[in-house]
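Enquirer: Have a look at the structure that comes next, please.
In our numbering, the protein residues as written are 419 to 583.
And the structure:
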């Protein structure tokens with residue numbers, strides 16, 4: 419009797435004649451479906467942004483542009499490798515150099531965009547210190563991230579784009 423209470427039904431009625439099959443979150447996150455890959459992309463991107471933050475703060479004494487360049491170079495290399503291994507699981511389809519060139523090339527557009535945004539926002543962020551500049555960079559990086567996901571998925575993701583959840 420207790421076992422029957424603890425078991426999950428394989429099909430859950432969701433009303434109006436629709437049945438939903440529960441999928442464990444961990445299994446879904448490991449799938450190659452586009453939303454799962456995007457979720458992994460966001461986690462890797464967030465992690466590399468923390469690397470960027472640490473390097474930016476470490477290099478802030480050299481100026482915003484130098485700190486941005488150093489942070490982008492290292493965090494991009496880390497993110498590219500994590501995307502190759504975790505996000506797209508492409509270690510068998512794309513080598514380290516391929517992932518670095520593909521991701522690095524896409525990151526150049528992000529570096530240009532963040533450098534321009536830093537220069538344009540300097541009058542407003544100078545008094546906020548390095549965290550103000552980081553906020554500007556992260557805002558621009560979030561906007562560039564969607565294009566980067568599509569580009570990396572095409573370059574190292576392999577296979578057709580899988581729709582669905």
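We put the CB at the ideal spot given by N, CA and C, even for glycine.
Keep in mind that this is a model prediction, so the values were computed, not measured.
#1: Does the distance from the CB of residue 475 to the CB of residue 488 come in under 7 Å?
#2: Label residue 442 either buried or exposed according to how many other C-beta atoms from any shown protein chain fall within 10 Å of its C-beta, with 16 as the threshold for buried.
#3: So for residue 448, helix, strand or coil by DSSP?
#4: Could you tell me how far apart the beta carbons of residue 528 and residue 562 are, in whole angstroms, since I believe they sit closer than 8 Å?
#5: Would you say the beta carbon of residue 463 comes nearer than 6 Å to a heavy atom of the ligand ADP?
#6: Counting only runs that start and end within the stretch 459 to 484, where is the beta strand (DSSP E) found for 3 or more residues in a row?
#7: Put residue 502 into one of helix, strand or coil per three-state DSSP.
#8: By DSSP, does residue 512 sit in helix, in strand, or in coil?
#9: Touching or not, the stretch 536 to 555 and the stretch 482 to 500, by the rule of three or more beta carbon pairs under 8 Å?
#10: Would you decide whether residue 448 is buried or exposed? Buried here means 16 or more other CB atoms lie within 10 Å of its CB.
#11: Please return the same chain residues whose Cβ sits closer than 7 Å to the Cβ of residue 569, not counting the five positions on each side in sequence.
#12: Helix, strand or coil for residue 547 per DSSP?
#13: Let me make sure I understand the geometry here. Which of 533, 539, 519, 505 has the alpha-carbon closest to that of residue 455?
#14: Would you mind working out which of 453, 493, 469, 501 sits nearest residue 573, comparing C-alpha positions?
#15: Tell me the DSSP secondary structure of residue 566 in three-state form.
Expert: Working from what's here:
#1: Taking 7 Å as the Cβ cut-off, residue 475 and residue 488 do not qualify as a contacting pair.
#2: With a threshold of 16 other beta carbon atoms within 10 Å, residue 442 falls short and is exposed.
#3: Judged by DSSP in its simplified three-state form, residue 448 adopts coil rather than helix or strand.
#4: Confirmed, Cβ separation roughly 4 Å.
#5: Summarising the ligand content, the structure contains no ligands, and the ligand ADP is consequently not present.
#6: Listed in chain order, there is nothing to give.
#7: DSSP places residue 502 in helix when its eight states are reduced to three.
#8: If DSSP states are grouped into helix, strand and coil, residue 512 belongs with coil.
#9: Because the criterion of three Cβ pairs below 8 Å is met, the stretch 536 to 555 and the stretch 482 to 500 touch.
#10: It is exposed - the Cβ of residue 448 has fewer than 16 other Cβ atoms within 10 Å.
#11: Short of 7 Å from the beta carbon of residue 569, and not among the five residues preceding or following it, lie these beta carbons of its own chain, in chain order: 524.
#12: Three-state DSSP puts residue 547 in coil, outside helix and strand.
#13: Ranking 533, 539, 519, 505 by CA distance to the CA of residue 455 puts 505 first.
#14: When each option's Cα is compared against that of residue 573, the closest is 501.
#15: Judged by DSSP in its simplified three-state form, residue 566 adopts helix.
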